[in-house]
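Down below is the structure, laid out as structure tokens.
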Amino acid sequence: MGSKSIYRTSRQLRFLLLGLAPLVIGLFPWTESCLGAAAVTVLEQDMSLWVAQQDSAGAGNQAQESSSVQEQPAQQAPKSEQPAAAPTTGQNQAAATPQPPSPPAQEAKPPAPSPQIPAGELYEVKPELFKIEVTLSGKFHPEQAAEIILQPKNWSTFRVKRAVEHGSTVKKGDVLIEFERERYEEALVDQRRRVESAIIALKKAEEELRFAQNVNPLDLQLARRNKQIIDEDWDYYQKVDRPFAEKYAKFLAEVSKWYLEYEQEELRQLEKMYQADELTDETEEIILRRQRNSVRMAEMDVELAEKRLGETMKFTIPRRTESQELAHKRAEHTLRYLEATLPLSVRDAELSFEQAKITLEREQKRLKELEADRELLEIRSPMDGVVYYGRIQRGSWSAPSTTSERLQPGTTADTNKVLLTIVQPRPLCVWAEVPENRVARLRVGLAGTAQTPVLPGAYLPAKVVELSPIPVREGNFAARIEVQIPEEASGVVPGGSCELRFVPYFKQRTLVVPASAVGSDELDPAKKFVYRLDTGGRVVRQPVTVGERSGDRVEILDGLVAGDRILRNYSAGERYVEK
24 MGSKSIYRTS RQLRFLLLGL APLVIGLFPW TESCLGAAAV TVLEQDMSLW VAQQDSAGAG
84 NQAQESSSVQ EQPAQQAPKS EQPAAAPTTG QNQAAATPQP PSPPAQEAKP PAPSPQIPAG
144 ELYEVKPELF KIEVTLSGKF HPEQAAEIIL QPKNWSTFRV KRAVEHGSTV KKGDVLIEFE
204 RERYEEALVD QRRRVESAII ALKKAEEELR FAQNVNPLDL QLARRNKQII DEDWDYYQKV
264 DRPFAEKYAK FLAEVSKWYL EYEQEELRQL EKMYQADELT DETEEIILRR QRNSVRMAEM
324 DVELAEKRLG ETMKFTIPRR TESQELAHKR AEHTLRYLEA TLPLSVRDAE LSFEQAKITL
384 EREQKRLKEL EADRELLEIR SPMDGVVYYG RIQRGSWSAP STTSERLQPG TTADTNKVLL
444 TIVQPRPLCV WAEVPENRVA RLRVGLAGTA QTPVLPGAYL PAKVVELSPI PVREGNFAAR
504 IEVQIPEEAS GVVPGGSCEL RFVPYFKQRT LVVPASAVGS DELDPAKKFV YRLDTGGRVV
564 RQPVTVGERS GDRVEILDGL VAGDRILRNY SAGERYVEK
């Protein structure tokens with residue numbers, strides 16, 4: 024038989040003995056007179072003491088099985104405290120004589136209970152309604168909206184002339200923003216001139232390319248021919264012309280000496296002839312004078328010839344030689360240069376022609392883009408709806424006041440940014456940011472309610488239809504909520520706020536304890552414990568299986584039953600556990 028069964032049997036026997044003692048005395052009054060009042064009192068005390076001992080022993084066994092903290096069994100009372108044996112017949116007769124009452128037997132001490140626990144530190148486990156609520160703040164977002172973004176292809180200066188007001192109702196095709204045109208028209212004229220200039224530059228580059236392709240080979244051929252001629256001249260000069268020039272200069276000097284000798288000899292002959300006649304008439308004198316002058320002229324010719332010979336040998340021939348040598352070297356370098364650069368000149372002309380074509384294409388493209396930007400000078404509404412300044416993103420408006428300032432007449436509007444948003448008032452959904460510690464509670468299809476300040480006291484049906492797989496900003500995910508809005512609720516508009524409430528977990532009756540009453544194992548945080556009071560009033564460490572948590576309340580799935588009393592604060596348990 025198990026210890027629990029023994030414990031239950033002992034409790035039943037206790038109630039039987041305590042009930043039989045007064046019953047026997049009541050049915051048989053003579054027992055009290057025969058035994059005496061003292062003996063009856065002793066009997067009742069002994070029976071009560073024995074029952075208390077059995078009760079303590081049974082409670083200790085039960086606590087020992089249910090607690091992870093091992094307790095020492097209660098010590099048995101000493102023999103002197105054991106119940107007295109039943110009196111014999113002789114003793115009953117002796118007891119008929121009145122005697123002073125015997126002192127009552129000393130009761131056995133039960134196991135020491137845990138220190139007294141204030142009632143405020145105890146919590147009685149009981150079934151309660153348990154639910155997990157997720158509350159979110161959301162913004163109403165239009166299902167159909169059109170963003171107005173100024174995205175020009177070339178023009179960048181959009182000065183506002185007039186703009187529609189925030190909150191205006193517009194039809195498809197209505198003018199939303201009109202910009203000034205004067206500067207645009209001037210830029211358009213300038214761009215057309217650039218295109219015309221690029222066309223002229225392309226034609227010139229084409230002719231230069233054709234010239235380079237046709238003439239450069241001729242220039243190269245002429246350079247090679249000129250080099251050949253200079254090489255031939257240089258070779259002829261060194262071998263023939265220079266030696267002959269030196270020889271001829273010397274010959275001329277020698278010829279002048281010959282003429283001098285001829286004239287001198289002729290003068291001697293005339294003087295000799297006229298001296299023989301011993302007569303010199305005027306004719307002879309003239310002849311002699313003429314011959315003497317011829318001699319003098321011949322002498323001067325000799326001097327001049329010698330001078331010219333010196334000049335020729337010292338200056339003329341060396342200078343001509345040097346000039347011929349330099350011309351030969353220049354012709355060599357010129358040919359090498361032309362051979363290297365003339366093909367490059369052709370390639371350069373080709374590149375210039377290609378670049379001219381690219382420039383023309385770019386200028387024509389700019390002109391085309393600039394002409395296309397003319398349509399942006401008047402921005403029209405793509406749909407029916409209400410005008411909102413700025414951009415709406417998941418129900419929140421970005422910088423509407425700044426956008427309003429940028430759309431004042433005379434200001435320059437931003438490009439490649441959302442200026443306006445045209446929204447249709449219906450249908451609407453709700454976007455809400457979900458902290459990462461709550462996103463696991465939500466799921467697509469989860470139903471809830473929405474409340475908006477526009478409809479006080481109204482709870483609008485809501486349902487999760489989309490959850491972002493990644494955070495939309497640090498620590499927050501996005502959820503799109505479908506909300507049923509009454510047709511008459513005209514005050515519910517895009518950008519309005521609401522409070523969302525979802526109950527992803529609900530139990531009508533389950534055991535719930537304070538979260539502060541649950542602790543974890545030091546080595547295994549997955550193991551959970553509470554400190555429970557057993558039937559003997561002692562504090563024991565009780566393992567439990569926990570479920571969900573909502574705020575400061577924790578669901579208990581196993582380990583406790585209704586009516587158990589536990590410590591509210593797990594950290595205080597060690598103070599009350601018997602060492």
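Taking this note's numbering, the leading residue of the sequence shown gets 24, the next gets one more, and so forth. We put the beta carbon where it would ideally sit given N, CA and C, even for glycine.
Between the region 164-179 and the region 392-404 there are three or more C-beta pairs closer than 8 Å, enough to call the two in contact.
W454 has K162 and R503 as its beta-bridge partners, per DSSP. Excluding its 5 nearest sequence neighbours in each direction, Y411 has C-beta neighbours in its own chain below 8 Å: H189, G190, W420, P423, L443, T444, I445, V446, P517 and G518, listed in chain order. The DSSP-derived three-state label of L546 is coil. Residue pairing for W420: DSSP places it in a beta bridge opposite I415. Per DSSP, the continuous beta strand (DSSP E) segment holding L556 begins and ends at K551 to L556. Listed as beta-bridge partners of G408 by DSSP are V193. Going by beta carbons, V441 and G413 fall inside the 8 Å limit.
For I508, the closest C-alpha among the options A354, P484 and S520 is that of P484. DSSP places K380 in the uninterrupted alpha helix (DSSP H) bounded by I340 to A395. Straight across, the Cα-Cα distance linking G570 with V187 is about 58 Å. Residue pairing for Y297: DSSP places it in no beta bridge. Y146 places its beta carbon 8 Å or farther from that of A538. About 43 Å separates the beta carbons of E289 and Q261, which is beyond the 8 Å limit, so they are not a contact pair.
Taken atom to atom, the span from the alpha-carbon of M320 to that of D258 is near 40 Å.
Here the alpha carbon of H164 sits roughly 48 Å from the alpha carbon of L383. As DSSP reads the structure, Y528 sits in a beta bridge with I155.
Rounded to the nearest angstrom, the gap between the Cα atoms of P450 and V495 is 24 Å. Every unbroken stretch of the beta strand (DSSP E) spanning 3 or more residues and falling wholly within the region 163-249 is given here in chain order: 168-172, 183-186 and 198-202. With a cutoff of 8 Å on beta-carbon distance, I340 and A268 are scored as near each other.
Restricting attention to R389, V600, S594 and K551, the CA atom closest to the CA of D213 is found in R389. Residue state for P476 is assigned as coil, using DSSP reduced to three classes.
Under the three-state reduction of DSSP, P537 is assigned to strand. When beta bridges are read from the DSSP output, I579 appears opposite L534 and V569. Secondary structure at P266: helix, using DSSP grouped into helix, strand and coil.
With contacts defined by Cβ atoms closer than 8 Å, D264 and H351 do not form a contacting pair. For R496, there is no enclosing beta strand (DSSP E), as DSSP marks it with neither H nor E.
Separation of the CB atoms of A455 and L523 is rounded to 6 Å, and the pair is thereby assigned contact status at 8 Å. Under the criterion of beta carbons closer than 8 Å, G542 and P566 do not qualify as touching, at roughly 11 Å. Counted as a single uninterrupted DSSP element, the alpha helix (DSSP H) harbouring Y599 occupies residues G596 to Y599. Counted as a single uninterrupted DSSP element, the stretch harbouring Y260 is not any beta strand (DSSP E), since DSSP gives it neither H nor E. Distance from the CA of D587 to the CA of G560, rounded to the nearest whole angstrom, comes to 11 Å. Going by beta carbons, E203 and R217 fall outside the 8 Å limit.
Taking C-beta atoms as the reference points, Y297 and L311 count as a pair closer than 8 Å.
The beta carbon of T192 sits closer than 7 Å to the beta carbons of V409 from its chain, once the five residues preceding and following it are set aside; these are given in chain order.
When secondary structure is reduced to three states using DSSP, S317 falls in the helix class.
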